[in-house]
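Colleague:
Number of protein chains: 2
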Amino acid sequence: MAPSAVESVSNLPLKVASKKTSSSDLLDLDLQDAELDGRVLKTFRCLIADLCQQFNGGHPGGAMGMAAIGVALWKYAMKYSPENPSFFNRDRFVLSNGHTCLFQYTFLHLVGYEYMTFDQLKSYHSSRTDSFCPGHPEIEHAGIEVTTGPLGQGIANAVGLAMATKHLGATYNKPNFPLVDNTTWCMIGDACLQEGVALEAISLAGHWKLNNLVVIYDNNQVTCDGSVDMCNNENVNDKMRACGWNVIDVENGSHDIETIVRALITAKTSQDMPTLINVRTVIGIGSKSAGDAKAHGAAFGAEDVANIKRSSGMDETKHFQVSEEVYEYFRAAKSRGRESEAEWHELVSGYRTKYPDLADEFALRMKGEFTENWEEIIPSKESFPTSPTPSRKSSGLVCNPLAEKIKNFMVGTADLTPSVNMVWNGKVDFQNPDLKTTCGINGDYSGRYIHWGIREHAMASISNGLAAFNKGTILPVTSTFFMFYIYAAPGIRMGALQNLQQIHIATHDSIGTGEDGPTHQPIALANLYRAMPNILYIRPADSEETAGAYIAALKAKNTPSIISLSRQNLEQYPSYSSRDGVQRGAYVFIERQNADVTLIGVGAEMVFAVDTARLLESKFGLKARVVSFPCQRLFDQQPIEYKREVLQYRSTAPRVAIEAYAVNGWERYADAGWSMNTFGHSLPGKDAYKYFGFDAEVIAPRVSEFIENVRQEGVENLRGEFRDLNNVSH
Amino acid sequence: MAPSAVESVSNLPLKVASKKTSSSDLLDLDLQDAELDGRVLKTFRCLIADLCQQFNGGHPGGAMGMAAIGVALWKYAMKYSPENPSFFNRDRFVLSNGHTCLFQYTFLHLVGYEYMTFDQLKSYHSSRTDSFCPGHPEIEHAGIEVTTGPLGQGIANAVGLAMATKHLGATYNKPNFPLVDNTTWCMIGDACLQEGVALEAISLAGHWKLNNLVVIYDNNQVTCDGSVDMCNNENVNDKMRACGWNVIDVENGSHDIETIVRALITAKTSQDMPTLINVRTVIGIGSKSAGDAKAHGAAFGAEDVANIKRSSGMDETKHFQVSEEVYEYFRAAKSRGRESEAEWHELVSGYRTKYPDLADEFALRMKGEFTENWEEIIPSKESFPTSPTPSRKSSGLVCNPLAEKIKNFMVGTADLTPSVNMVWNGKVDFQNPDLKTTCGINGDYSGRYIHWGIREHAMASISNGLAAFNKGTILPVTSTFFMFYIYAAPGIRMGALQNLQQIHIATHDSIGTGEDGPTHQPIALANLYRAMPNILYIRPADSEETAGAYIAALKAKNTPSIISLSRQNLEQYPSYSSRDGVQRGAYVFIERQNADVTLIGVGAEMVFAVDTARLLESKFGLKARVVSFPCQRLFDQQPIEYKREVLQYRSTAPRVAIEAYAVNGWERYADAGWSMNTFGHSLPGKDAYKYFGFDAEVIAPRVSEFIENVRQEGVENLRGEFRDLNNVSH
């Protein structure tokens, strides 16, 4: 990769005031004794080598190569408070190359995060279950803003964190009261620049001109397979510039702390664009594997660790050496943090005097709470249409008043505004205020409607950053066709893993989506989300259940939800459907005493359950109960007594689940299924259903026959012989 | 977006010989009567408007805007044979903006693809189940190279198709015998340039210098939400150049057929890089919604359709008008196709004389077959190690001799060469032959080992293109950690939908992967792939079963497979395990007459089933059978008698499935599960298992208790009350 011209950062004054906030942001760049700097870097690198060597594993090379960057960040550039890691206006740091986590853990230790003791550092890769040093950074631990590891996710999260600052700043800041103006710093390696989700996020950050975002590229040109030029020869700097980024080169990233600091400050004070700092480093510097892929993901071996220490002028017979001098080097971090906090609290206090209402609202947002009585904003059952309505439309009826009134909502779509019905009265787009679009729809950073473009993965992963800025302050609501949440799956999973509340509005579910055909008709995707820990996949059957789905999603403060909706008109069942029922995952929709069968209806396919029940009664003289089953996870959380009541486990009547998805998983609740065994087909929705046997006239006789079989064979023999009743295949 | 300088294509000679092949490639660019050209374009556009209007739906705008591009392609630039759509050395055309499928269907009709009758064209969006005109192009229909629709997939497929040409050419072409030298043409819209998978694929195409790939960008600056500048303001041309692409601008893409043709020919004859032709067009040109998002995804309404015809000088009262003149305009396509074919067959015939052995091999490859007796290449059970072995290592023992000997194999990894064990003796990398890497590992286009970089999604989606070039000619084998096949899921799904054989080697499955922690430990991903139609997800328990997994995958000629492997050492069970057993999905591993329980063991967790069985016997006096269950899909395909024999449905002994994944779906085969209810934890593999209760000492007493409960309650009451026995949670 040919580095382009190094932008000059050498003429900056050594005392640089941030353009943005208070005097605590003055960066006091005293030139340290260069030898002391060197000893600190060597201490850090030997410590990393030791920490990996003790259990013969881990990722030493990247962390060692990035040592000087870490000093520049934690000693000079970043605003943070080790004694209060959740200081609201702190800078956010994201380690997108999460495998180098020792880099972060070690700096947290050196600057004085209390929980990050030496003993804890040494728990990395140990069998200790009380370790705060997992193999990748995890959000649960102080100083870690987001969980990273899957490559490309962190930089997308960082874009979300930077957006959150822009948005909250535009909403609450006033002249002389910059309440929210922190910087987001993100480390990436060569890998993150290859992942599609990162490329999507980079494109968006450039589009939005997030000048508060600084991405530091640990450019060591090595990945697991060897040198990066085996699979990537693009001109990274030119590519970033084409995407609307500043680029600053740093040639000697292994040692030149001062140049790195100047670059960081230049980037932090960028007026117009996000900045990439392209820092040349050497992976595993000081080791025999320096600059080689071997330094990436394995300990160096005792001999080389001794060698590293020897050539660093340290005692090769000792392990885990950190002199007092090194702790002293970082000593000011705590007091600087305290000062930053104190100034900010003073600022907030003045703000409260001058803008009491806004200050109240800001305080509520800081606590991560919604406006009180939000549930009352949701339309009553009586107010919903009674004629057939697509549930994507019902969703708009529920969500749009919420989004209008609850400022926590940031709603967006992956370029499906006309399809997903998420636009509320007076919505403003989140945009750079200087943008002038061809179609004339503009916005500013206070806007809460996000045009993600056709970037489903970044939509989910950036939303994790929005949600992680301060839990509950922003509630990201994403939207696209359900099928394309398969693109977003890695991001959605990371949201679930991090306990981040979000709502994903997934329209056009099932084969009912119609003419677009099998590429657009989800068959197996629900299986992923129903099995995934800590996520609610909810398929409401009508408007009332859609209201219930939103209530469940809004109450799940530590859990993302997917609300899965129809493209097509759905029958409304005001006599049967219940928002409260949705909270329990499944409930009796139509009761019949001494029923011959229980039919389980789900979401858009409820109509087939209800119609089959009616036909069984009118034509076959059979009594069918109907259970609505919008959410398996919520049902699983109910007490056994409730489950038995709803599903009548001990009855001799069989249960049949009707859903136009793969049946896998329904075996827990049903004895038989009417489902999909293949991909879908391009046909108008109604015809697609018919083509695959979703038609009461086809279902009822088969169910009747099944009931008869069960009577003959004995219900006990159903155990373990789940029946796929829908043999229609093409 | 600021277009950069238009590269001059106006001075090209009008007769241009391809640098590559035979005289049939001479493009006879007779300047047509400009008025005739105009009438053809108008006819085409009115026809599109009519086809959408008849059922009041579909995507007219893009197809209309691209009309001149279509003429340039099908009349002038592309090599194809309407009478033999599968002519081996044809150019491949991919419609990455698949929603504009009417564009392709209509040109297939006009140039004489026999099956694409006018009657068929009119079946678009109809309820006809015999339609060959689904809402997005589908590979099953002649002239369609790959199924597209989910955005970004098509361009990745096109990269794969172009790689296939490069690879086969480098393998079989000889001086004066360019057997395989076709061009791949790919249409994209504004959306594809936003999707991460496309950006990954673009980066790779530039890296590999695929000069036989031409991407034509239908730059209409409109997507569903409005003008593209609402979400994308990057300089596309500069970005592509930074990725190693040529860029050619065409300003008047709506009408200027000649300039488009010149651009296509320039691109086709590129010596060094892939080419993007950036063509400015107007979506829905001629309609009242021209240039507006409204033209994208809805019919124009009868009034505007009449208006379009009127302003096109056509009879507004008539529908579906195609004059003889227009058919005549494309008449030469068939004869040109016949000539191309004839020349190529002559070439092959000469080649056969001169290179008989290679010709035989080439013929076998064309038929999509492997070397005969491939099964004998797989090591025997006796040759495998008997000491504990990671199944990722077993996989190498099986796959590497196959890859060495069967040239169909193209094996690659998303930057995990040291972890996935897929390198065989003498492997050559697929690389541009001019590449000189820093680490000194180079290659050429004949290479069959692919460094995908950290681009899992593109790896899968490009592999679809490799597999689709000519079914069976290339067998793509991908590899990464199982967890990161969540990034690749949209591509893997498209492979399954298209019946493309591929093998995905997914190492580091389950929590046994250890220290990397929950970000790297898959819990729910298997649920997606077990439910997805037409894919085999196979988790072998030891080396012998790994051999079985490869045999199943290699026999599944129309189905992709995922072979799911351990990072850690696994016990080997030569007395129990069976490659033949794997072919049936599940089989009896350890039989016991009158057993008290059946334990289902799966993959890396088989050890817990076997150890629990032993402990139940030695400590609890209970008899446990063990069933190995590597593949649910294969088991589902077995006759009911076999299933009953293996799982003993009618026995009173319960069945317990032991797997460190979400249990969803095991309810079909078991009465209880020992599984995961949460995400994983960062601990060494063995400790992670212990932490979550995977330990025979913990499992056996619970299973014993469960057996006792079942005896008391009666096995019939297990129906519908699946038990999660593993309550360990943290």
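Residue numbers (our numbering), protein chains in the order written: chain A, 1 to 730; chain B, 1 to 730.
For glycine and all other residues, C-beta sits at the position ideal for the given N, C-alpha and C.
Note that the structure is predicted; figures quoted are calculated from it, not measured.
1) Taking only beta-carbon atoms, is Leu536(A) less than 9 Å away from chain B?
2) With DSSP collapsed to three states, give me the class of Val602(A).
3) Can you list, in chain order, the residues of its chain with a C-beta nearer than 8 Å to that of Cys224(A)? Leave out the 5 residues immediately preceding and following it.
4) Suppose contacts are defined by Cβ-Cβ distances below 9 Å. Is Met793(A) in contact with Tyr445(A) by that definition?
5) Measuring only between beta-carbons, confirm whether Pro630(B) sits less than 9 Å from chain A.
6) If we define contact as Cβ-Cβ less than 9 Å, is Ser287(A) a contact residue for chain B?
7) For the segment 52-62 of chain B against the segment 329-336 of chain B, do three or more pairs of beta-carbon atoms, one drawn from each stretch, fall closer than 8 Å, so that the two count as touching?
8) Measuring straight from C-alpha to C-alpha, what distance separates Gly86(A) and Gly143(A)?
9) Taking C-beta to C-beta, are His109(A) and Phe103(A) nearer than 9 Å?
10) Buried or exposed: where does Leu36(B) fall if 16 or more other Cβ atoms within 10 Å of its Cβ makes it buried?
11) Find out if the Cβ-Cβ distance for the pair Ala460(A), His255(A) is shorter than 9 Å.
12) Tell me, please, which residues DSSP counts as bridged to Lys174(A).
13) Taking the alpha-carbon positions, what's the Glu145(A) to Ile535(A) distance?
14) Reducing DSSP to helix, strand and coil, say where Thr317(B) ends up.
15) How about Phe370(B) and Gly160(B): do their beta carbons lie closer than 9 Å?
16) Which residues of chain A have a Cβ atom closer than 9 Å to the Cβ of Gln221(B), listed in chain order?
17) Here's the rule: buried if 16 or more other CB atoms are within 10 angstroms of the residue's CB, otherwise exposed. What is Asn594(B)?
18) Take the Cβ of Ala302(B) as the centre, count every other Cβ of all protein chains shown within 10 Å, and call the residue buried at 16 or more, exposed below.
19) Pick from Glu659(A), Ala657(A) and Gln583(A): whose alpha carbon is nearest that of Asp636(A)?
20) Does Trp452(B) get closer than 9 Å to chain A when you measure Cβ to Cβ?
21) Below 6 Å CB to CB, which residues in the same chain sit around Tyr329(B) once its five sequence neighbours on both sides are set aside?
22) Sort out for me which residues DSSP pairs Phe469(A) with in a bridge.
23) Can you tell me whether DSSP reads Thr259(B) as helix, strand or coil?
24) Following the continuous beta strand (DSSP E) through Ala506(B), name the residue where it begins and the one where it ends.
25) Please check if any C-beta of chain A sits within less than 9 Å of the C-beta of Lys623(B).
26) Starting from Ile538(B), follow its DSSP beta bridges and name the residues at the other end.
27) Could you tell me which residues DSSP pairs with Ile707(B) in its beta bridges?
28) Under DSSP, the beta strand (DSSP E) around Met240(B) begins and ends at which residues?
29) Distance, Cα to Cα, Arg365(A) vs Ala359(A)?
30) Need the endpoints of the alpha helix (DSSP H) that Pro401(B) sits in, please.
31) Would you check if the distance between the CB atom of Ala226(B) and the CB atom of Gly65(B) is smaller than 9 Å?
32) Taking buried to mean at least 16 other C-beta atoms within 10 Å of its own C-beta, is Thr317(B) buried or exposed?
33) Let's see if you can read the secondary structure: which residues bound the alpha helix (DSSP H) around Asn527(A)?
34) Which residues does DSSP list as the beta-bridge partners of Met410(A)?
35) Throw me the rounded Cβ distance for the Gln521(A) and Met494(A) pair, which I believe falls under 8 Å.
36) What does DSSP give as the partner residue(s) for His739(B) in the beta ladder?
Modeller: The answer reads as follows:
1) No, Leu536(A) does not count as interfacial toward chain B.
2) In the structure shown, the three-state DSSP call for Val602(A) is coil.
3) The residues are Ala293, His296 and Gly297.
4) Lying outside 1 to 730, the shown extent of chain A, residue 793(A) is not represented and no answer is given.
5) Output row for Pro630(B): interface = no.
6) No, Ser287(A) lies away from the interface with chain B (no Cβ there is under 9 Å from its Cβ).
7) When Cβ pairs closer than 8 Å are counted between the two stretches, the segment 52-62 of chain B is seen not to touch the segment 329-336 of chain B, the count staying below three.
8) Per the sequence shown, residue 86(A) should be read as Ser rather than Gly. Those two C-alpha atoms are separated by around 8 Å.
9) Contact: no.
10) Exposed.
11) No, the Cβ-Cβ distance between Ala460(A) and His255(A) is not below 9 Å.
12) BP columns for Lys174(A) point to Phe177(A).
13) Their Cα atoms are separated by approximately 21 Å.
14) DSSP places Thr317(B) in coil when its eight states are reduced to three.
15) It is not a contact, given that the beta carbons lie outside the stated cut-off.
16) Result: Thr438.
17) Asn594(B) should be labelled exposed.
18) Result: exposed.
19) Measuring from the Cα of Asp636(A), the nearest candidate turns out to be Gln583(A).
20) Using a CB distance cut-off of 9 Å, Trp452(B) counts as an interface residue toward chain A.
21) Listed in chain order, the non-local C-beta contacts of Tyr329(B) below 6 Å within the same chain comprise Val40, local neighbours out to five positions each way being set aside.
22) Within the DSSP secondary-structure output, Phe469(A) pairs in no beta bridge.
23) Helix, per DSSP.
24) It spans Gln502 to Thr507 - the beta strand (DSSP E) in which Ala506(B) sits, taken as one unbroken run.
25) Answer no: the Cβ-Cβ gap between Lys623(B) and chain A never drops below 9 Å.
26) For Ile538(B), which the question treats as bridged, DSSP gives the partners Ile563(B).
27) Paired residue(s): none; Ile707(B) is not in a bridge.
28) Segment Val236 to Ala242 is the alpha helix (DSSP H) holding Met240(B); no beta strand (DSSP E) there.
29) About 10 Å.
30) Following the DSSP letters along the chain, one finds Pro401(B) inside the alpha helix (DSSP H) bounded by residues Ser391 to Lys405.
31) In the sequence on display, residue 226(B) carries Gly and not Ala. Not closer than 9 Å, so no.
32) Label assigned to Thr317(B): exposed.
33) First-last of the alpha helix (DSSP H) with Asn527(A): Leu525 to Ala531.
34) When beta bridges are read from the DSSP output, Met410(A) appears opposite Pro476(A).
35) Your pair Gln521(A) and Met494(A) does not check out as a contact, with CB atoms roughly 26 Å apart and the cut at 8 Å.
36) There is no way to answer for residue 739(B), as the model of chain B reaches only from 1 to 730.
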